[in-house]
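Peer 1:
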Amino acid sequence: MTMDLQSCVTIEKEWDIVKARQLGREVAQKAGFGTVDQARIATAISELARNIYLYTDGGKLCFEIIDNVEQKGISMLSVDNGPGIEDISQVMEDGYSTSGGLGAGLPGVKRLVDQFDIQSEKGKGTEIRAVKWVR
Amino acid sequence: METLKPDAANYQSLLKHYIATQDEHSLYGAEQITKQFIKNNIPPEEIVNLHIQAMAALYPDLPEYFRHSMKFLLETMISYGIAHQEYHTLREQQSELKSEIAVAANMQDTLLATTKPAIDGLDIGVVSVPAHQMNGDYHHFVTGEDGSLGIAVADVIGKGIPAALCMSMIKYSMDSLPERTMRPQTILKNLNRVVERNVESSMFITMFYAQYLPADGKIRYSSAGHEPGFYYNARENRFEEIKAKGLVLGVDPDTDYRQYERVLHQGDMVILLTDGVTECRQGDRFIESEEVLDVIARFSHLQAQDMVDKVYKHFERLQNFRLRDDFTLIVLKKEV
């Protein structure tokens, strides 16, 4: 497996969400994603970045191209030092965040990508890894 | 998106035809293709993309600003796509829940099953229909060794699953009462204690218990706060409310219930019901109890079963075929 260098965006201000989208889209383009999937990746990045912006004191989003023999894709890693998520099952439930009009939420991100993994520790932070493959 | 491929060609040719002719035929085709998209769960952004590709194929020299505008539209569709998928998942979950409840309702039917007994000289009609899938009304017939007939009608204040669960408990308590205690006031006294001990205080159960003694043509009854039934006096061609006082089950463990009795003559009727009958609504208006009696009187020349069926159909239609509460109606007609 060969990997490009990771490119990261630190999320502190709302404007950083746009920067993360931009960078993620560039990486996705380079990886060979089509228009629709680029838009999906940008939306997933928005959700991840908004979570950091709204609920933590800061964190970062990192992107890299994954290129192994079988497939090519993008990995999106979201790391924050926020309060952590106590009940992950609850935030992964449909309708939990969307009911308040907050957006697609984490279930939405999960739907936009092919692989989704979340780890969180109370008081320490949350790490989310999402991967999407080029079709 | 494998499923999109044949549709893509179809979409493009329909679009081309429409641009050339602007005819209704192509628009009808578009409608049909949309149904296909929905059936295959195609998100809106894919459809926008399909349009972009079709336009690019038909008009290779599309202006730059138009292509940008379409990409802009595509981006706005992504969140709609997620919402659409979420809706889809929730709908699946809902249908799973529904079928689980259907199984429970089925089980309830088996658990609470009671057969209308054949008693010489007494014509019996029963209808009991739940507002939702599970019934919070309950009725039960017991034939005693002395030939008497016990009839219980009960209603849990509340609807749906909690009410239905509660009713199963009532039924098994009644089954476990010894035969010799089958007098209405004793039964209510016993059930009152069971409910008081086992049901949380926010849940109330009302019950009317009647015992018909064919040998004397007599009916004994007691009520635990239940919706009053009606007595039809055939000689005077007059309905009257069956007044019976008694506290709702489960409030006070030491309650005693009063027992009343009445002799039935030929042609007399006893009508037992739950508040789903008397609280039928036409639009926002509750019907008056005279209206219930009017409807009952209109069909009173029929056999008891036909009668209750007709009354039910009348109120079902009056409420636009959507019951707001469980509906139970029992008619006893003394034939000789």
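Chains as they are written, first to last, in this note's numbering: chain F, 1 to 135; chain X, 136 to 471. We put the CB at the ideal spot given by N, CA and C, even for glycine. Small disclaimer: the values here were computed from a predicted structure and weren't measured.
Restricting to Cα atoms, I'd like to know which of X:GLY385, X:LEU453, X:GLU181, X:ASP272 is closest to X:SER303.
Peer 2: Measuring from the Cα of X:SER303, the nearest candidate turns out to be X:ASP272.
Peer 1: Can you have a look at X:THR211 and say buried or exposed, based on whether 16 or more other CB atoms are within 10 angstroms of its CB?
Peer 2: Result: exposed.
Peer 1: Taking a contact to mean a Cβ-Cβ separation below 9 Å, would you say X:ILE465 touches X:ILE217 in this structure?
Peer 2: No, the pair does not count as a contact, with Cβ atoms beyond the cut-off.
Peer 1: Would you tell me roughly how many angstroms separate the C-alpha atoms of F:LEU138 and F:VAL109, rounded to the nearest one?
Peer 2: As shown, chain F starts at 1 and ends at 135. That puts residue 138 of chain F outside it, with no answer to give.
Peer 1: Quick one: is the Cβ of X:PRO252 within less than 8 Å of any heavy atom of the ligand MG?
Peer 2: Within the structure as shown, the ligand MG is missing, as the structure has no ligands at all.
Peer 1: Given a threshold of 16 other Cβ atoms within 10 Å of its Cβ, counted over all protein chains shown, does F:ALA39 qualify as buried or as exposed?
Peer 2: The residue is buried, with at least 16 neighbouring Cβ atoms inside 10 Å.
Peer 1: Do X:TYR347 and X:ILE254 have their C-beta atoms within less than 9 Å of each other?
Peer 2: Yes, the Cβ-Cβ distance between X:TYR347 and X:ILE254 is below 9 Å.
Peer 1: Going by DSSP, name the residue or residues bridged to F:LEU61.
Peer 2: The partner list for F:LEU61 (beta bridge, DSSP) reads F:VAL9, F:SER78.
Peer 1: How about X:LEU323 and X:TYR392: do their beta carbons lie closer than 9 Å?
Peer 2: Yes, Cβ-Cβ distance for X:LEU323 and X:TYR392 is below 9 Å.
Peer 1: Judging by CA-CA distance, which residue of F:GLU127, F:ASP16, F:TRP15 is the nearest neighbour of F:SER75?
Peer 2: The option with the nearest alpha carbon to F:SER75 is F:GLU127.
Peer 1: At least one CB of chain F closer than 9 Å to the CB of X:ASN184: is that the case?
Peer 2: So, interface residue.
Peer 1: Do X:MET269 and X:GLN243 count as a contact pair if the criterion is CB distance below 9 Å?
Peer 2: In contact: X:GLN243 and X:MET269 (Cβ atoms closer than 9 Å).
Peer 1: Can you find a C-beta in chain F that's less than 9 Å from the C-beta of X:ILE177?
Peer 2: No, no contact with chain F.
Peer 1: Listed in chain order, which residues of the region 220-249 of chain X have Cβ atoms closer than 7 Å to some Cβ of chain F?
Peer 2: Against chain F - using a Cβ distance shorter than 7 Å - the residues of the region 220-249 of chain X are GLN220, GLU221, THR224, LEU225.
Peer 1: According to a CB-to-CB cut-off of less than 7 Å, which residues of the region 22-54 of chain F neighbour chain X?
Peer 2: Residues passing the 7 Å Cβ filter: THR35, VAL36, ALA39, ARG40, THR43.
Peer 1: Where does X:HIS274 sit, in a helix, a strand or coil, going by DSSP?
Peer 2: Strand, per DSSP.
Peer 1: If you drop the 5 nearest sequence neighbours on each side, which residues of the same chain put their C-beta closer than 8 Å to that of X:ALA192?
Peer 2: Hits under 8 Å: GLN147.
Peer 1: Check F:GLU127 in the structure and name its three-state DSSP category.
Peer 2: F:GLU127 falls in the strand class under three-state DSSP.
Peer 1: Using the rule of at least 16 other Cβ atoms within 10 Å of the residue's Cβ for burial, across every protein chain shown, is F:PRO107 buried or exposed?
Peer 2: Buried: at least 16 other Cβ atoms inside 10 Å.
Peer 1: Between the Cα of X:VAL291 and the Cα atoms of X:ASN372, X:VAL334, X:GLU235, which residue gives the shortest distance?
Peer 2: Among X:ASN372, X:VAL334, X:GLU235, the Cα nearest to that of X:VAL291 belongs to X:VAL334.
Peer 1: Look at X:THR409 and X:GLU451 and say whether their C-beta atoms are less than 9 Å apart.
Peer 2: Against a cut-off of 9 Å, the Cβ pair of X:GLU451 and X:THR409 comes out as no contact.
Peer 1: With three or more C-beta pairs closer than 8 Å as the rule, is the region 180-189 of chain X touching the region 156-167 of chain X?
Peer 2: No, because fewer than three Cβ pairs between the region 156-167 of chain X and the region 180-189 of chain X fall closer than 8 Å, the two stretches do not touch.
Peer 1: Residues in the same chain with beta-carbon distance under 7 Å from X:ASN241, minus the five sequence neighbours each way, listed in chain order, please.
Peer 2: The answer is none, since no qualifying residue turns up.
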